[in-house]
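Trainee: In terms of the UniProt record's numbering, the sequence shown is numbered consecutively and its last residue is 513.
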Amino acid sequence: AQTLRLILGDQLNPRHSWFAQRDPGVVHVLMEVRQETDYVLHHAQKILAIFVAMRDFARQLREAGHRVRYIALDDPSNRQSIPDNLAALIRHYGASRLEWQAPDEWRLDTQLRDWAAAQPFETCVVDSEHFLAPRDAVALHFRGRKQWLMEHFYRAMRQRHRVLLTSTGEPEGGQWNFDAENRKPWPGTPAPPPDTRPSHDHRALWQMIETAGVGSFGAPHADCFRWPLNRDEALAGLEHFIAEALPHFGEFEDAMSSHSPRLFHSQLSFALNVKMLHPREVIDAAEAAYRAGHAPLAAAEGFVRQILGWREYVRGFYWAHMPGYEAQNALGHQTPLPDWFWTGRTRMRCLQRAIGQSLDDAWAHHIQRLMVIGNFALLAGLDPATLHRWYLGIYIDAFEWVELPNTVGMSQFADGGRLATKPYVSSAAYIDRMSDYCKGCHYDRKAKIGERACPFNALYWDFFARHEATLGHNPRLGMVYRQLRKMAEPQLDALQARASSLKRGLDTI
Ligand code: FAD
Ligand code: SF4
5 AQTLRLILGD QLNPRHSWFA QRDPGVVHVL MEVRQETDYV LHHAQKILAI
55 FVAMRDFARQ LREAGHRVRY IALDDPSNRQ SIPDNLAALI RHYGASRLEW
105 QAPDEWRLDT QLRDWAAAQP FETCVVDSEH FLAPRDAVAL HFRGRKQWLM
155 EHFYRAMRQR HRVLLTSTGE PEGGQWNFDA ENRKPWPGTP APPPDTRPSH
205 DHRALWQMIE TAGVGSFGAP HADCFRWPLN RDEALAGLEH FIAEALPHFG
255 EFEDAMSSHS PRLFHSQLSF ALNVKMLHPR EVIDAAEAAY RAGHAPLAAA
305 EGFVRQILGW REYVRGFYWA HMPGYEAQNA LGHQTPLPDW FWTGRTRMRC
355 LQRAIGQSLD DAWAHHIQRL MVIGNFALLA GLDPATLHRW YLGIYIDAFE
405 WVELPNTVGM SQFADGGRLA TKPYVSSAAY IDRMSDYCKG CHYDRKAKIG
455 ERACPFNALY WDFFARHEAT LGHNPRLGMV YRQLRKMAEP QLDALQARAS
505 SLKRGLDTI
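#1: Expressed to the nearest angstrom, what Euclidean distance is found between the alpha-carbon atoms of Leu341 and His96?
#2: Could you work out which residue in Phe256, Ala498 and Ala424 is closest to Val318 when comparing CA atoms only?
#3: Is DSSP giving Val56 helix, strand or coil here?
#4: Between Asn461 and Ala432, is the Cβ-Cβ spacing less than 8 Å?
#5: Give a yes or no on whether the C-beta atoms belonging to Leu267 and Leu242 are separated by under 8 Å.
#6: Under the three-state reduction of DSSP, which class applies to Cys128: helix, strand or coil?
#7: Hey, out of Arg166, Val30, Gln15 and Thr127, whose CA is closest to Pro107's CA?
#8: Go ahead and pull the three-state DSSP assignment for Thr114.
#9: Where does the unbroken alpha helix (DSSP H) through Thr474 begin, and where does it stop?
#10: Taking its Cβ as the centre, do 16 or more other Cβ atoms sit within 10 Å of Glu36, making it buried, or is it exposed?
#11: Sorry if obvious, but does the Cβ on Glu407 come closer than 7 Å to a heavy atom of the ligand FAD?
#12: According to DSSP, Trp104 sits in a beta bridge with which residue or residues?
#13: Let's see if you can read the secondary structure: which residues bound the beta strand (DSSP E) around Ile75?
#14: Buried or exposed: Asp365, going by 16 or more other Cβ atoms within 10 Å of its Cβ?
#15: In whole angstroms, give me the CA-to-CA distance for Thr344 and Ala292.
#16: Using three-state DSSP, classify Pro175 as helix, strand or coil.
#17: May I ask you to verify whether the region 389 to 405 touches the region 458 to 472, counting CB pairs closer than 8 Å and requiring at least 3?
#18: Is the region 400 to 415 touching the region 299 to 309 in the sense that three or more CB pairs, one from each, lie closer than 8 Å?
#19: Tell me Ala457's beta-bridge partners as DSSP assigns them.
#20: Excluding five sequence neighbours on each side, which residues of the same chain lie with their C-beta closer than 8 Å to the C-beta of His369?
#21: If Pro197 sits next to Glu255, beta carbons under 8 Å apart, how far is it from one beta carbon to the other, in whole angstroms?
#22: If you count every other CB in all the chains shown that lies within 10 Å of the CB of Pro388, and 16 or more means buried, which is it?
#23: Count the C-beta pairs between the region 399 to 409 and the region 347 to 358 that are closer than 8 Å, then say yes if the count reaches three, no if not.
#24: Of the choices Gly476, Ala498, Arg470 and Gly421, whose alpha-carbon is the least far from that of Arg149?
#25: Comparing C-alpha positions only, which one of Thr347, Gly320, Tyr447 and Met491 sits nearest to Phe146?
#26: Jot down the residue ranges of each uninterrupted alpha helix (DSSP H) in the region 368 to 439, minimum 4 residues, whole runs only, in chain order.
#27: For Ile435, verify whether its CB is less than 7 Å away from any heavy atom of the ligand MN.
#28: Looking at C-beta atoms only, is the number of pairs between the region 159 to 167 and the region 228 to 237 that lie closer than 8 Å three or more?
#29: Less than 8 Å between the C-beta atoms of Lys438 and Asp183, yes or no?
#30: Do Arg284 and the ligand SF4 come close, with the Cβ less than 7 Å from some heavy atom?
#31: Does the beta-carbon distance from Ile54 to Val376 come in below 8 Å?
#32: Where does Leu312 fall in DSSP's three states?
#33: Within the continuous alpha helix (DSSP H) that includes His244, where are the two ends?
#34: So, for Gly360: in the same chain, excluding its five sequence neighbours on each side, which residues have a beta-carbon less than 6 Å away from its beta-carbon?
#35: Would you be able to state if there are at least three C-beta pairs under 8 Å between the region 199 to 206 and the region 23 to 32?
#36: Where are the alpha helix (DSSP H) runs, 4 residues long or more, that stay fully inside the region 13 to 49, in chain order?
As C-alpha cells, this is what we get:
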C-alpha cells in the first residue's frame with residue numbers, strides 16, 4: 005500500500021468522500037487504544053459504544069471492498085498510542101503517505117500534527133465533511149466583540165443555509181425564535197414515545213475491555229445496550245424522533261420527569277457526534293416535518309436551533325478559545341466534587357435522579373445537565389476543571405469540542421461571561437416548577453434555613469452575595485441584586501451561615 009488513512013472513533017461517517025472509490029493502494033486504519041480510553045475516566049457505555057461502532061464501521065468498509073486494518077485493544081501488536089501504532093503500520097505496509105480527517109479535539113489535532121511534522125513521509129489532513137461551518141467561522145463572525153451571542157450567529161446560519169425561511173428570505177412565522185411558546189413543565193400527558201432503540205448484547209467485548217484493565221464508571225449494561233451503533237440504526241432513531249417526539253419537543257424541552265427521563269428529546273447526540281448522522285439531514289428532517297404540517301413551527305425551530313445554532317456555535321467557540329479554555333476559573337471556585345457524583349447517593353432528589361440516571365444511561369437531557377447538576381456545582385463553588393472532566397467522562401455524547409464550552413462557559417460561567425450573558429443558576433423554585441423531583445424529596449423546597457431547607461435556596465443567595473463584586477453590575481441580574489440589597493442583614497447572615505454549613509458537609513448532603 006502507498007497510503008494509510010486514519011479513521012478516529014468519532015469519524016464513523018460512511019458517506020465521507022474517502023469512501024466514494026475503492027483503491028487497493030489505500031489501507032484504512034482504525035484502532036482501539038489506551039491513549040483514548042484513559043485520557044479521562046469514562047462511563048463504561050461510552051467506551052463500549054465507541055468500540056462496537058468502530059468495529060461495525062470497519063466491517064462495513066470491508067464489505068464495501070475497502071482495505072481495512074483494525075487494531076483491537078488486546079491485539080498483541082497494539083502499542084496503545086495513535087502515533088506509535090501509525091509508525092509501526094507505516095513500516096509494515098511500506099507506506100509513503102498518511103492521511104487523516106481533521107480531529108475535532110484540540111488534544112488529538114495537536115498530537116497528530118506535531119508528530120507528523122517530524123516524519124519523513126507525506127501527510128495530508130482532509131476535512132471531516134461533517135460540520136456546516138468551518139472551524140474559524142465563529143471567531144470570524146464575532147471578531148472584535150466582547151460577548152459572543154449564540155442567537156446572533158444562529159440567525160446568520162439560518163440565512164446562509166436557507167433553513168426555515170420564507171421565499172423572500174424572512175424567518176418562517178415572522179420570528180427567529182419561538183421560545184416564548186416553549187419551555188413548559190410536563191403535566192404527565194401526552195405520553196412520551198416508547199423507547200424503540202435496538203438493544204445489543206456486548207458482554208464478551210466488555211469482558212475484554214475490563215480484562216485489559218481499562219478504568220471506567222457507570223453501568224456497562226453490556227447485556228442490554230441501547231445506543232445506535234451504525235448509520236442504519238441512527239437513521240431509524242431519527243425517523244422515530246421526527247414522527248413521535250418532535251411535535252412536542254419545544255413545549256417540553258425544559259421539563260424534567262422522574263417517570264420519563266427522555267421525555268421528547270431526540271437522543272441523537274451520540275450518532276451526530278460520531279458522525280453517523282450529518283447535521284444537515286437532521287435539520288432537513290425537522291424542517292420537512294414542519295412544512296408537512298406534522299410539527300408546529302415552535303417545535304421545529306427550537307430543535308433546529310440546537311443543531312444549526314448551538315452545536316455549530318460551541319464548536320467554533322471551542323476552536324477560538326483553545327488551548328487554555330479548560331483552565332478558566334473566573335469565579336475562583338476550588339471545591340472538589342462530592343463523592344456522590346460517582347454514586348448518585350445524595351438526599352437531594354433532583355441530583356439523585358439526574359446523576360443516577362447519568363450513571364445508568366450515560367445520558368441526561370440539557371436541563372438536567374444545566375439546571376440541576378451544573379446549577380448545584382456553580383452554587384456550591386465546585387472546581388470547574390474537575391467538573392469538566394466529570395462531564396467529559398460520563399456522557400455518551402461527550403467530546404471535548406462540545407462538552408467544554410457547555411460546561412466551563414455555559415454552565416459554570418468560568419470564562420467570566422464570554423459565552424453566557426449571566427450565570428445559569430436558580431433556587432428550588434425553578435426545579436420545582438419544571439419537574440416532579442421536589443415531591444418526595446428529603447428537603448423542603450420552600451424553606452431557606454434549617455436542617456431540612458432545600459440546599460439550593462441558601463446556596464443561591466450566598467452565591468450572589470459572594471460574587472457581588474464580579475456580578476453585581478450585570479444588567480441581566482438587576483432584579484436579583486435589588487432583592488439581595490433589600491434583604492435584612494440578619495436574614496442574609498442566616499442564609500450564609502446555612503450555606504457555609506452545607507458546603508462543609510457536601511459529601512453527606
Ligand atoms: P436534543 O435535546 O434532542 O437536541 C438535539 C441536538 O441538538 C443534540 O443531539 C445536540 O447535537 C444538539 N444540542 C443541543 N443542545 C446543545 C448544546 N448546548 N451544545 C451543542 N449541541 C447541542 N452535548 C453534547 O453533544 N456533548 C456533550 O458533551 C455535552 N455536554 C454538555 C454539558 C453541559 C454542562 C451542558 C449544559 C450541555 C451539554 N451538552 C452536550 C448539550 C446537550 O445537553 C446535549 O447535546 C443533549 O442533552 C443531548 O441529548 P439529545 O440528543 O436528546 O438532545
Ligand atoms: Fe432538589 Fe431542593 Fe427540590 Fe429536593 S427540594 S428535589 S434538593 S430542588
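Backbone N, C-alpha and C define an ideal beta-carbon position, used for all residues, glycine too.
Mentor: The relevant details are as follows:
#1: Rounded to the nearest angstrom, the two C-alpha atoms are 46 Å apart.
#2: Considering only alpha carbons, the answer is Ala424.
#3: In the structure shown, Val56 sits in a helix (DSSP, three-state: H, G or I).
#4: A Cβ-Cβ contact shorter than 8 Å links Asn461 with Ala432.
#5: In this structure, Leu242 does not lie closer than 8 Å to Leu267 by Cβ.
#6: Shown here, Cys128 sits in a strand according to DSSP, grouped into three states.
#7: Shortest Cα-Cα distance from Pro107 to any of Arg166, Val30, Gln15 and Thr127 involves Gln15.
#8: Of the three classes helix, strand and coil, the one that applies to Thr114 here is helix, per DSSP.
#9: Residues Glu472 to Leu475.
#10: With 16 or more Cβ atoms within 10 Å of its Cβ, Glu36 is classed as buried.
#11: The nearest non-hydrogen atom of the ligand FAD is less than 7 Å from the C-beta of Glu407.
#12: According to DSSP, which records beta bridges pairwise, Trp104 is partnered with Leu10 and Val129.
#13: Its beta strand (DSSP E) spans residues Arg71 to Ile75.
#14: With 16 or more Cβ atoms within 10 Å of its Cβ, Asp365 is classed as buried.
#15: The amino acid occupying residue 344 in the given sequence is Trp; Thr does not appear at that position. Roughly 43 Å separates the two Cα atoms.
#16: It is a strand residue.
#17: By the Cβ rule, the region 389 to 405 does not count as touching the region 458 to 472, because fewer than three pairs are nearer than 8 Å.
#18: Using a C-beta cut-off of 8 Å, the region 299 to 309 makes no contact with the region 400 to 415, since fewer than three inter-stretch Cβ pairs fall below that distance.
#19: Among the bridge pairs identified by DSSP, Ala457 is matched with Asp448.
#20: Within the same chain, Cβ atoms closer than 8 Å to the Cβ of His369 are found at Met260, Pro265, Arg266, Leu267 and His269, the five residues on either side in sequence being excluded.
#21: Contact doesn't hold; Cβ gap of about 14 Å is too wide.
#22: With 16 or more neighbouring CB atoms inside 10 Å of its own CB, Pro388 falls in the buried class.
#23: Contact between the region 399 to 409 and the region 347 to 358 is absent, because fewer than three Cβ pairs lie under 8 Å.
#24: When each option's Cα is compared against that of Arg149, the closest is Gly421.
#25: Here the closest residue by C-alpha is Gly320.
#26: Runs of the alpha helix (DSSP H) lying entirely within the region 368 to 439 and spanning at least 4 residues, in chain order: 379 to 384, 388 to 398, 404 to 408 and 432 to 438.
#27: Only the ligand FAD and the ligand SF4 can be found as ligands here, which leaves the ligand MN out of the picture.
#28: Segments in contact, no.
#29: For the record, residue 438 in the displayed sequence is Met; it is not Lys. Between Met438 and Asp183, the C-beta spacing is not below 8 Å.
#30: Because no heavy atom of the ligand SF4 lies under 7 Å away, the Cβ of Arg284 does not count as near it: no.
#31: With a cutoff of 8 Å on beta-carbon distance, Ile54 and Val376 are scored as not near each other.
#32: Here Leu312 sits in helix by DSSP.
#33: Unbroken alpha helix (DSSP H) run through His244: Arg235 to His244.
#34: Annotation for Gly360: Gly348 place their beta carbon closer than 6 Å to its own, counting only its chain and skipping 5 residues before and after.
#35: They do not touch, by the three-pair rule.
#36: Counting only runs of 4 or more, we get 38 to 42.
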